[in-house]
Amino acid sequence: MEGSSREPAGPDWWRSAVIYQVYPRSFADGNGDGTGDLAGVRAKLPYLAELGVDAIWFTPWYLSP
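Numbering-wise, the sequence shown is residues 9 to 73 according to my numbering.
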């Protein structure tokens with residue numbers, strides 16, 4: 009993030025990170041069609057940053073084979 013004073017992350021950054029899991033289809037709707045999408049997730053990034061989230065773990069949203 010611009011203006012961040014954090015040190016560069018090392019290989020074990022995830023051990024102390026706050027990781028927020030997101031299922032885009034139900035998280036936030038960015039285009040008003042009633043189904044969540046990546047635009048909706050993107051719109052919520054400032055809020056997630058306020059919460060102290062370091063990384064987002066996306067749950068798969070496409071059908072699996």
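For glycine and all other residues, C-beta sits at the position ideal for the given N, C-alpha and C.
One Cα belongs to Thr43, the other to Asp37, and the distance between them is close to 5 Å. Contact annotation, Val30 with Thr67: C-beta distance approximately 7 Å; criterion of less than 8 Å satisfied. Setting aside the 5 residues that flank it on each side, Trp21 is surrounded in the same chain by Asp62, each with a C-beta closer than 8 Å to its C-beta; the list follows chain order. The C-beta distance from Pro32 to Asp45 rounds to 6 Å, short enough to meet the 8 Å contact threshold.
The three-state reading of DSSP puts Tyr70 in coil, since its state is none of H, G, I, E or B.
If you draw a straight line from the Cα of Gly48 to the Cα of Asp41, it is about 11 Å long.
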